[in-house]
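Heads up, the working numbering is the position in the sequence shown plus 72, with the first residue counted as 1. Using N, Cα and C, we set each Cβ at its ideal position, and we do this for glycine too. Below is one structure, written out as structure tokens; comments come after it.
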Amino acid sequence: LQSKFNSAWLSTEPYTKESMDDKLDSLDMQEVERGQDIAYSGKTLDFERFEKSKEVLREVIKLAGKRKSKVLLLIPPALFGEWRGHNKTLELARTFTKEFKHVSYYNAAKTVLDPSLYYDNHHLNTNGIVFFTKEKLKPVVEEILK
């Protein structure tokens, strides 16, 4: 158990670079596999954490509905497209949109496939963020807010 209520944390200030300009020239599938192995603690998926998080998310969605808020579930872009377990995540998003009228989802996994817009295989650089936000995400949000 950790707490952020201490003097070191309370005196911390935000830091960001002016711009993340690193960019890739190609997709490295070997690095993608290695990264997903690290993210998922191996080759196979354990859905125990997914099931717990699903119920927490359901409660957050219910609270948002009580507050008359709209919810957008977003699967972010990745140079390689889909993470392991993508279809199960997408299925959950679809379930929530059927269950709750104030929920929408946007599967952006394959919307940005230009390596120069990433600084690694799944993190957009600054140009990538600007492109994704303006060209892909903004129209979706505007449609939801109509």
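Buried or exposed for residue i, please, with buried defined as at least 16 other CB atoms from any protein chain shown within 10 angstroms of its CB.
i	result
alanine 111	exposed
leucine 217	exposed
asparagine 78	exposed
leucine 73	Because the pLDDT of leucine 73 is 45, which lies under 50, any placement of that residue in the model is unreliable, and the number read from its coordinates should be weighed accordingly. So leucine 73 counts as exposed.
alanine 80	exposed
glycine 114	exposed
glycine 200	buried
leucine 135	exposed
asparagine 159	exposed
Taking C-alpha atoms, which residue in the options lies nearest to residue i?
i	options	result
alanine 150	Val143, Lys140 and Leu189	Leu189
serine 98	Ile147, Pro187 and Asn199	Pro187
glutamate 207	Val128, Pro148, Thr183 and Glu105	Thr183
lysine 170	Ile133, Ala181 and Ala180	Ile133
valine 104	Gly153, Glu127, Lys138 and Glu131	Gly153
glutamate 90	Thr198, Thr116 and Glu214	Thr198
arginine 130	His195, Phe168, Tyr191 and Leu117	Phe168
phenylalanine 172	Lys138, Ala181 and Tyr191	Lys138
alanine 181	Leu196, Leu96 and Ile147	Ile147
serine 125	Ala165, Asp109 and His194	Ala165
Could you confirm whether any beta carbon from chain D is found closer than 7 Å to the beta carbon of residue i?
i	result
valine 175	Absent from the structure: chain D. Only one protein chain is present.
Provide the residue span of the alpha helix (DSSP H) that contains residue i, from first to last.
i	result
aspartate 109	101-111
threonine 198	198-203
lysine 124	120-138
proline 211	210-217
Only counting runs of 3 or more residues, tell me where the beta strand (DSSP E) segments fall wholly within the region 142-193, in order along the chain. The beta strand (DSSP E) runs lying completely inside the region 142-193 and spanning 3 residues or more are 143-147, 175-179 and 190-192, given in chain order.
Does the contact criterion of 3 or more C-beta pairs under 8 Å hold for the region 109-123 versus the region 78-93? Because the criterion of three Cβ pairs below 8 Å is not met, the region 109-123 and the region 78-93 do not touch.
Between the region 173-183 and the region 136-146, can you find at least three pairs of beta-carbon atoms closer than 8 Å? Output reads yes: the region 173-183 touches the region 136-146.
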